[in-house]
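FYI, the numbering for the sequence shown is 1 to 341, going by the UniProt record's numbering.
Cβ atoms here follow ideal geometry from the backbone N, Cα and C, with glycine treated the same way.
Working notes, beginning with the structure itself.
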Amino acid sequence: MVLGLPPTLVAALLFLGGVFLVVESVETFVESVAEAALGLGVSAFFLTIVLAGTDLENAILGVAAVTGDLPSVALGTVFGEALFILGAAVGLAGVLVPFDVSVPRIYLLVTIASPSLMLAFAADGTLSRLDGALLVFAFVPFILIVYLLERRTQTRFLDAEALEADDDDDEQAVDTEQELEGENDEDEQGDAEATGVIAIAVPFLAVLGMTIGSELAVVGARDLLSVSGISGLAFGATVMSFIASIEELFLTVEPVRNDRPHLGVGNVVGSTVFFVTANAGVIALIRPIDMTGSVLTVHWPFFLGTLAIVVALFAYGRVSRPAGGLLLAAYAAYWGANYVL
């Protein structure tokens, strides 16, 4: 016992604290890197596409799990968080605020086809390191396709938040200019130097937080698995993914509530493709992953079925309350299947 606390409670606190530290550190890192890149003149448009299409905290937790000798937990997070976004996030958005959305068919085709490569590689029962490398590489054309499409059309799903941020930055710039009017150049130079130091330090501190948090989460997860009897795959697909994905509710539901469903759709499309390409690929690169057993009987069927429903709803152009309820029920059934089958 540590400080008189039961071992299970200590493990749970380590796990929860580690996941929370990873999530907060990733958000800080993304914000600081975006600000630094914008300051250097890097395209906010392209940067936002890259950041919107990745879920760093899930990838970090997955990598930490597989390096910590918990490969099934790592694979569980891939399916679990994808199901969370498709079932829980889109489902809750539809139940709370039924919404209409018009998604270009090319995005729908890319989304529904995204698991194909992983499915093909998993046909022999294992994701090898070569399979992992190809999956990571497959995420690159997705980024390129979206970049080219966004340049040539008026539909801007993945850079909408950047455009909003640019507007806010413009307003803040005007206010700042008025506030600084009359100050001398020496003070301005000093402020710029201080800002530069902070801009460099924050990403490094965020990376440190990610490292510490992921280690704590893996230690806690290993201890919880040893006393609970839950399989690593089920734990990663349910508990770990649910806790690590809470912010996905806000990224999907809040834009819908604010009559900007295209932002939520961008998050769903980008994240789904990332999970079944780069995220799974990075894990397999570190250690080949077993794709048999419940992966075939539980995770693939629920993932493909829920993905098909979401894409069909987006193609139809509306997510109603009954449809949202169906998605939530599918996610609840997925949890049940993990512990029953």
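How many whole angstroms separate the CB atoms of A89 and T252, which I take to be in contact at a CB cut-off of 8 Å?
About 4 Å; that satisfies the 8 Å criterion.
Between G236 and L75, which are expected to be in contact by the criterion C-beta below 8 Å, what is the C-beta distance as a whole number of angstroms?
Going by Cβ atoms, the distance from G236 to L75 rounds to 7 Å, so yes, they are a contact pair.
So what does F99 bridge to, in DSSP terms?
Answer is V319, bridged to F99.
Among G317, I289, T8 and S271, whose alpha-carbon lies nearest the alpha-carbon of F99?
When each option's Cα is compared against that of F99, the closest is G317.
State the DSSP-derived secondary structure class of I289, mapped to helix, strand or coil.
In the structure shown, I289 sits in a strand (DSSP, three-state: E or B).
With a 10 Å radius around its C-beta and 16 neighbouring C-beta atoms as the bar for buried, classify N267 as buried or exposed.
N267 comes out buried.
Pick helix, strand or coil for L341, following the three-state DSSP scheme.
L341 falls in the coil class under three-state DSSP.
Can you look up L127 in the DSSP assignment and give me helix, strand or coil?
Strand at L127.
Leaving out the 5 sequence neighbours to the left and right, which residues in its chain are closer than 6 Å to V227 when beta-carbon positions are compared?
Result list for V227: T8, in chain order.
Around the Cβ of V340, are there at least 16 other Cβ atoms within 10 angstroms (buried) or fewer (exposed)?
Exposed, since its Cβ has fewer than 16 Cβ neighbours within 10 Å.
The alpha helix (DSSP H) with V239 in it runs from where to where?
That residue, V239, is in no alpha helix (DSSP H); it is neither H nor E in DSSP.
Could you have a look at L5 and say whether DSSP puts it in helix, strand or coil?
Three-state DSSP puts L5 in a strand.
Within the same chain, show all residues whose beta-carbon is closer than 7 Å to that of V218, passing over the 5 residues directly before and after it, in chain order.
Excluding sequence neighbours, V218 sits near A64, A65, G68 and L70.
Can you tell me which of F79, G264 and V22 puts its alpha carbon nearest to the alpha carbon of G305?
Selected option, being the one with the closest Cα: F79.
Give the DSSP-derived three-state secondary structure of N258 in the structure shown.
Three-state result, N258: coil.
Classify S228 as helix, strand or coil using the three-state DSSP reduction.
The answer is helix: DSSP assigns S228 an H, G or I state.
Would you kindly work out how many angstroms separate the C-alpha atoms of V136 and V97, rounded to a whole number?
Looking at the two C-alpha atoms, the distance is approximately 35 Å.
Quick check: the stretch 296 to 303 against the stretch 258 to 267, are there 3 or more CB pairs under 8 Å?
Result no; under three Cβ-Cβ pairs closer than 8 Å.
With a CB to CB cut of under 7 Å and the five nearest residues on each side skipped, what residues in its chain are close to L127?
Taken in chain order, the residues that qualify are F121, A280, A284, P288, I289 and M291.
Using the rule of at least 16 other Cβ atoms within 10 Å of the residue's Cβ for burial, across every protein chain shown, is L144 buried or exposed?
It is exposed - the Cβ of L144 has fewer than 16 other Cβ atoms within 10 Å.
Can you tell which of L86, F139 and V101 has its C-alpha closest to the C-alpha of V276?
Considering only alpha carbons, the answer is F139.
Could you check whether I85 and T272 sit closer than 8 Å to each other, using their CB atoms as the reference points?
Yes, the pair counts as a contact, with Cβ atoms nearer than the cut-off.
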